[in-house]
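Here's the structure, in structure tokens; my notes come after.
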Amino acid sequence: MADMRNIIVVPYDPRWPAMAAQEMAAIRDILGDALLAIHHIGSTAVPGLSAKPIIDLLPVVRKIEQVDDFNAAMAEMGYVARGENGIAGRRYFCKGPDDARSHHVHIFADGHPDIARHLNFRDYLREHPDVAVRYAQIKLRLAAQYRNDITRYVNGKGPFIREIEERAERQRSAGNAERTTDGD
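If you want it as structure tokens, here you go:
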């Protein structure tokens, strides 16, 4: 059965970074010493990129098992804990009703491969505005085509996302090789 959330892609909102920073500060307070880093990811983290108006955050913690101890505090902030929600080693939280979510929080333990994947994708789009424009066009087309079917919308973005993730990984690997060579 299709997930019938209404999909709305809006022009970039310059308030998104400040909204993310405010939420990150609150999450920092909750997670305390368990937290190693927190990142603003997803389309709202890419200046100029049209997006669903949902702030995606990626906290990195020492041990993923500790996160469950913070479910009540996250609930007080309006978050619903969804456990791994289909991704092993993740703790996922969402804020807002299904038809009007405002935030997604994807928590991973340090070293989880999805951390680098998300950050590389975000950074690649930031560094390649032409690619971000193509991504926005794809999202707008899919949102119009599947406006009430989040599963088809997400699946439709899949091939483009995988292509960019591969490019981003190659770019990151090449950059690491250059830094290693420069140090010799």
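All the letters of the sequence shown, read from the start, carry residue numbers 2 to 185 under our numbering. All C-beta atoms in this analysis are idealised placements derived from N, C-alpha and C, irrespective of residue type, glycine included.
Cα-Cα separation, residue i to residue j
i	j	result
P114	G90	10 Å
A76	G87	20 Å
Q146	G157	10 Å
I151	R173	30 Å
A137	S51	6 Å
Residue of the options minimising C-alpha distance to residue i
i	options	result
M25	F122, F161, H107	H107
F189	I165, G157, R135	In the structure as shown, the chain starts at 2 and stops at 185, and residue 189 therefore has no counterpart that could be examined.
G112	V61, A19, D57, R16	V61
G67	L58, I56, R92	Looking at the sequence provided, one finds Gln at residue 67 rather than Gly. If we check each option's Cα against that of Q67, R92 comes out closest.
Residue i in three-state terms, based on DSSP
i	result
R92	strand
V62	strand
L141	helix
D14	coil
I39	strand
I165	helix
D150	coil
Buried or exposed by the 16-neighbour rule on C-beta atoms within 10 Å, applied to residue i
i	result
V47	buried
I9	exposed
K64	exposed
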